[in-house]
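Under my numbering, the first residue of the sequence shown is numbered 795, with each subsequent residue one higher.
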Amino acid sequence: FFYFLFNKMVGISLVIPTFREAPNIRPLCTRINEVMKQEGLTYEIVIVDDNSNDGTTDIAEELREKDNIPVRVLVRTTERGLSSAVVHGFKNAKHDVFVVMDADLQHDPKYIPSIAKPIMEQTADFVMGSRNVGGGKVEDWPIHRRIISWGATNMAKPLTSSGDPMSGFFSIHKKTFERAKGLNPMGYKIGLELIVRCNCKKVDEVGIVFRDREHGESKLTMKQNLLYVRQLMGLYWAKYPLVFVALFLFFIVTFYFFIKAIF
C-alpha cells in the first residue's frame, strides 16, 4: 500500500553518464519510459554527456518533444569520467530518489522499480543491482572478464557487505548522498565510493541479469583498472584509518631496528 502511495509522491531521477553512446539513447529511453509508465512512477532522465558531439543532445531533444519522454542532457566540456558525471547529475537532479544506470543497454530498465523501491520506502540506505545474488547472473561474458570482475569484487569485500560492489546500477536517496564525506569520484566504481563515503549501513541487493552491450565499445581500460586500485586505497584509509596508522608505525619500527642491527 505504502509503495503505491509513495509512487505518486516521490519522483525518481535516472542519472545516466554517457560518452559516445548515441546509438543506445533512443532504445534505452524508450524502454525506460515504458517501464515507468507501466508502474505509474514519476521520473526524469538526466543524461550527463562528456561532450561526445555524436548527436546525443539532438536525439534527447527529439524524444522529449515528439515522444513526450522527460529526458534532458547536461553536456560537460571541462570534465571527463563516469564517476564525476554521476555526481554532476545528482547535483542537478530535481527528484530526491536517484537511480544510476549505464547507457549501453547492459542494465535492463525493467529492474528500475525494484531497485528504487527500498529507497522510496526508506528501508535501505543504498540498493545495488547485483549479478551475484538470487536472480542475478552475467550473460555472454568471456572468461577473462569474469576473472577480472571476480578479483576486483574480492578486493572490495572488507569495504561493504554487497556481493557485487562493482555494479553501476544502483539507487540512493538525495539526503544520503548529501552526507558524503571526502567524496573522490574517479574511475568507474562510483557505487562503491558512495557506499563507503556516505556511510551506508543498510545495503540491499536486487538480482539482475547483466548483458553484453548492444552498440559501441567498452570504456574499461588499463587506466581505469589502475584508478580502481587507487580508489580502493583511499576508501580503505577512510574506513580503516587506525589499521593504516598501525601498519605505518609497524614498518617504521621495523625499519628502525633493521638499521640499528646493521650499524
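All residues carry an ideal CB built from backbone N, CA and C; glycine is no exception.
query = Buried or exposed: which applies to Q900, given that a residue is buried once 16 or more other Cβ atoms fall within 10 Å of its Cβ?
reply = By the 10 Å Cβ count, Q900 comes out buried.
| Bridge-paired residues (DSSP) for S924 | In the DSSP assignment, the residues bridged to S924 are G1001.
- prompt: Just curious, the alpha helix (DSSP H) that V881 is in, first and last residue?
  reply: Element bounds for V881: 876 to 885.
Quiz item: Which ranges does the alpha helix (DSSP H) cover as unbroken runs of at least 4 residues, wholly within the stretch 893 to 955, from first to last along the chain?
Solution: Entirely contained in the stretch 893 to 955, the alpha helix (DSSP H) runs reaching 4 residues are, in chain order, 906 to 914, 937 to 949.
query: From this set, V881, T812, V1003, which residue's C-alpha is nearest C992's C-alpha?
result: Comparing Cα-Cα distances from C992 to each of V881, T812, V1003, the minimum goes to V881.
Subject >> Selection from T1048, L1041, S961 that minimises the alpha carbon distance to E1002 >> reply: What sits at residue 1002 in the sequence shown is Ile, not Glu. It is S961.
Provide the residue span of the alpha helix (DSSP H) that contains P959, from first to last.
In the DSSP annotation of this structure, P959 is not part of any alpha helix (DSSP H), being labelled neither H nor E.
(message) In whole angstroms, give me the CA-to-CA distance for F798 and V1037.
(response) Bear in mind that the predicted position of F798 carries a pLDDT of just 48, short of 50, making it unreliable; the figure below should be weighed with that in mind. If I take the Cα positions, the gap works out to 46 angstroms.
Check: If you draw a straight line from the alpha carbon of A950 to that of S956, how long is it in whole angstroms?
Finding: So the two alpha carbons sit approximately 9 angstroms from each other.
Q. Just checking my contact of V829 with M922 at CB under 8 angstroms: how many whole Å lie between their CB atoms?
A. With 8 angstroms as the limit, V829 and M922 do not qualify as a contact, their Cβ atoms being about 19 angstroms apart.
Handout entry: Complete beta strand (DSSP E) runs within the stretch 817 to 883 (minimum length 3 residues, chain order)
Key = Fully enclosed beta strand (DSSP E) runs of 3 or longer: 837 to 843, 865 to 869.
Taking the alpha-carbon of A918 as reference, which of P936, W944, I989 has the nearest alpha-carbon?
Comparing Cα positions, the closest option is I989.
If I follow the unbroken alpha helix (DSSP H) through F971, where does it start and stop?
Unbroken alpha helix (DSSP H) run through F971: 968 to 972.
Report task. Take F1004 as the anchor and find which of K904, V865, I826 has the nearest alpha-carbon. Result -> Considering only alpha carbons, the answer is K904.
- Pair within 7 angstroms by beta-carbon distance, I863 and V891: In this structure, I863 keeps its C-beta atom at 7 angstroms or more from the C-beta atom of V891.
- Query: Do the stretch 832 to 840 and the stretch 935 to 947 touch if we need at least three Cβ pairs shorter than 8 angstroms?
  - Reply: Below 8 angstroms, too few C-beta pairs join the stretch 832 to 840 and the stretch 935 to 947 to call them touching: fewer than three.
- Task: Could you tell me whether the stretch 873 to 888 touches the stretch 847 to 855, using the rule of 3 or more Cβ pairs below 8 angstroms?
- Result: Under the 8 angstroms Cβ criterion, the stretch 873 to 888 does not count as touching the stretch 847 to 855, having fewer than three qualifying pairs.
What's the gap between the Cα of E855 and the Cα of V865? Rounded to whole angstroms, E855 to V865 spans 8 angstroms at the Cα level.
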